[in-house]
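Asks: Numbering of the sequence shown is given in my numbering, commencing with residue 2 and proceeding in unit increments. Ideal Cβ positions, reconstructed from N, Cα and C, are used throughout, including at glycine. Since the model is a prediction, treat every value here as computed from it, not as a measurement.
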Amino acid sequence: MSKSSSSRTINEVLMAAAHARSCSSKKKLGDQTPNSKEFSSSLSNKKMKLGDQSPNLKEPIQKSSKSEDQSLHPTATTTTTPEETSVQLKKRSGDFNPNSAAFWKKGESVPFLFLARAFDLIDKESRRTEMSTILCNTFRTVIATTPKDLTAVVYLSCNKIAPSYEDLELGLGETSLVKAIADAYKIDVKHIKSKLKILGDLGLVAKASCSSQVKLFNYKPPPLTVVKVLDTCRTIAKESGKDSQGNKRGHVKGLLDAATDCEPQYLFRLLQSKMRIGLAEQTVLVALGQAAVYSENQSALPSPSALDEATEIIKKVYSLLSNFDKIIPALLESGIWKLAELCRFTPGVPIGPMLAKPTRGVSEILKKFHGSEFTCEYKYDGERAQIHYMEDGSVEIYSRNGERNTGKFPDVANSVKRFKKSSITSFVIDCEVVAYDVDKQKILPFQILSTRARKGVNMNDITVKVCVFVFDLLYLNGESLLEEQLIDRREHLYDSFEEVTGEFQFATTMVSYEPKDIQSFSKLL
């Protein structure tokens with residue numbers, strides 16, 4: 002036998018062995034994957050049978066029976082591709098199978114690419130209901146596969162890295178982000194700026210720069226996860242000192258090095274706090290509430306009334322406790338129906354303010370309250386504030402948007418404890434902080450108050466004095482007063498504090514049965 006024929010024989014043997022392994026692998030995969038028509042028929046039969054059952058809608062998320070989970074939702078595998086995920090997430094909630102949308106194994110960290118793909122789908126939608134459905138399916142997938150990552154997914158969906166009152170800001174300007182793209186992709190800054198003028202969106206610039214990048218080395222960073230992105234954003238926000246901007250750009254570069262597909266686009270929109278996909282916080286809450294209902298009972302479709310009730314629960318809970326680090330674990334542990342019992346209003350976490358509803362005039366008010374007792378209050382030209390006094394003696398002040406304002410009003414934080422009676426151990430008051438001329442005992446215009454710095458005000462540098470006008474008491478000595486009538490809350494307020502002119506006063510009010518008194522009261526303003 003010649004040397005060449007011997008070589009061909011060896012090659013033929015190797016090729017035959019490779020072919021045999023390939024056939025064996027395909028056979029095994031074929032055994033694991035059911036015929037698509039049979040699988041579809043099987044699911045349809047199961048849905049028909051389940052349709053006759055009365056749904057039990059109030060089981061906790063973690064208590065779905067194993068048999069039900071296996072029959073309706075096959076174990077998640079990595080056979081699903083990101084492209085197939087996009088198709089799955091657009092399905093109607095009733096037809097959606099959470100595990101079919103996952104391209105990672107159950108228990109593994111949720112890839113950021115999964116969330117970025119969901120954002121991309123939402124970006125292409127104009128209908129609010131479709132946006133909510135895609136996001137609901139996204140949350141259901143995370144709950145079914147890696148529930149511990151749900152908190153990170155929800156925060157990023159809200160374009161937040163922490164509760165608003167924690168005052169964590171990324172502090173990344175456009176200049177820093179342009180430099181980060183240039184550093185990550187070895188592109189001249191001028192070229193990045195030129196692209197930005199054309200595209201008008203740094204997210205699109207980052208995506209285009211990533212697509213045109215040529216990898217010079219074989220090293221590939223681990224794929225981004227939602228937890229990695231959120232943790233890195235929080236690290237960026239906490240950077241301080243003279244080297245902080247350079248360190249922040251370094252963290253951004255680390256994210257970009259690992260980013261693929263549409264990830265750079267949504268990474269940069271998150272970093273700019275401008276998602277630009279029309280996803281409002283209320284839509285996120287609706288999707289979360291509905292996802293919880295679908296995930297708790299997988300044996301039957303929930304009723305519209307159950308979905309509506311869950312939506313109201315999650316909205317109310319979030320208005321009382323705007324912290325997903327507390328809400329999500331309670332939701333996963335005990336379910337949507339017990340959430341309100343576990344997540345209560347407490348000092349240190351601001352709640353959404355009750356806002357006035359505009360009318361066409363006094364005549365409309367007179368008609369509505371004819372024959373009933375009503376109350377009127379002065380509307381002060383200042384800044385809405387929610388003052389929290391904790392049992393340890395600490396004080397926090399929050400704006401109407403739930404942002405921490407303690408640093409803007411250190412004089413109020415230091416003095417408010419002087420106005421409470423000795424029996425008061427904790428409270429939350431709703432009030433208006435106004436600029437005040439102590440000598441003339443006169444309220445000053447809002448424009449004067451607005452000259453104060455937003456944060457870091459030094460007590461010794463204060464030139465604009467303020468007075469606190471209190472109109473509501475929301476929490477007292479360890480108990481929420483939110484379910485009590487306003488007239489009763491006022492009585493608690495008057496009994497718990499003492500006025501000091503020019504520093505701490507009760508809002509001027511009027512209670513009457515006579516509509517004509519509204520006109521008289523308004524003339525006093």
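Just the Cα atoms here: how many angstroms apart are Glu-374 and Phe-410?
Replies: If I take the Cα positions, the gap works out to 36 angstroms.
Asks: Are the segment 138-146 and the segment 109-118 in contact at 8 angstroms, needing three or more beta carbon pairs?
Replies: yes
Asks: Are the beta-carbon atoms of Leu-286 and Lys-316 separated by less than 7 angstroms?
Replies: yes
Asks: Under the assumption that Tyr-399 contacts Pro-351 (Cβ atoms under 8 angstroms), give the Cβ distance between them as a whole number of angstroms.
Replies: With a beta-carbon spacing of about 4 angstroms, Tyr-399 and Pro-351 fall inside the 8 angstroms limit used to define contacts.
Asks: Using only the alpha-carbon positions, how far apart do Pro-354 and Leu-225 sit?
Replies: 38 angstroms
Asks: Bridge partners for Leu-477 per DSSP, in chain order?
Replies: For Leu-477, DSSP records a beta bridge to Phe-428, Glu-480.
Asks: Tell me the start and end of each unbroken alpha helix (DSSP H) in the segment 236-287 that is at least 4 residues and wholly inside, in chain order.
Replies: 245-259, 264-273
Asks: When you compare each of Ala-436, Ser-513, Leu-122 to Asn-138 by their alpha carbons, which one comes out closest?
Replies: Distance from the Cα of Asn-138 is smallest, within the candidate group Ala-436, Ser-513, Leu-122, for Leu-122.
Asks: Can the beta-carbon of Val-417 be found less than 7 angstroms from the beta-carbon of Gly-383?
Replies: no
Asks: Which whole runs of the alpha helix (DSSP H) in the segment 81-119 are 4 residues long or more, in chain order?
Replies: Correct list: 83-90.
Asks: From the DSSP secondary-structure annotation, give me the bridge partner or partners of Thr-376.
Replies: Val-512
Asks: Taking its Cβ as the centre, do 16 or more other Cβ atoms sit within 10 Å of Asn-100, making it buried, or is it exposed?
Replies: Flag for Asn-100 reads buried.
Asks: Please classify Lys-107: is it buried, with 16 or more other beta-carbons within 10 angstroms of its beta-carbon, or exposed?
Replies: Around the beta carbon of Lys-107, fewer than 16 other beta carbons lie within 10 angstroms, which makes this residue exposed.
Asks: Quick check on this structure: which residue in Tyr-390, Asp-518, Ala-454 has the alpha carbon closest to the alpha carbon of Phe-498?
Replies: Of the candidates Tyr-390, Asp-518, Ala-454, the one whose C-alpha sits nearest the C-alpha of Phe-498 is Tyr-390.
Asks: I need the straight-line Cα distance from Val-206 to Ile-193, nearest angstrom please.
Replies: Straight-line Cα distance between these residues: approximately 7 angstroms.
Asks: Looking at the structure shown, is Cys-468 part of a helix, part of a strand, or coil, going by DSSP?
Replies: strand
Asks: Please identify the residue among Leu-136, Ser-513, Leu-203 whose C-alpha is closest to the C-alpha of Cys-377.
Replies: Ser-513
Asks: What whole-angstrom Cβ distance do Leu-271 and Asn-160 have, given they're in contact under 8 angstroms?
Replies: 6 angstroms
Asks: Give me whichever residues DSSP pairs with His-389 in a beta bridge.
Replies: Glu-397, Val-429
Asks: Kindly identify the DSSP beta-bridge partner or partners of Arg-405.
Replies: Tyr-399
Asks: Look up Ile-315 in the DSSP assignment and say whether it is helix, strand or coil.
Replies: helix
Asks: Could you pull the start and end residues of the alpha helix (DSSP H) that Gln-520 belongs to?
Replies: 517-524
Asks: Run the CB neighbour count on Glu-484, radius 10 Å, all protein chains shown included, and call it buried at 16 or more, exposed below.
Replies: Answer is exposed; the Cβ neighbour count stays below 16.
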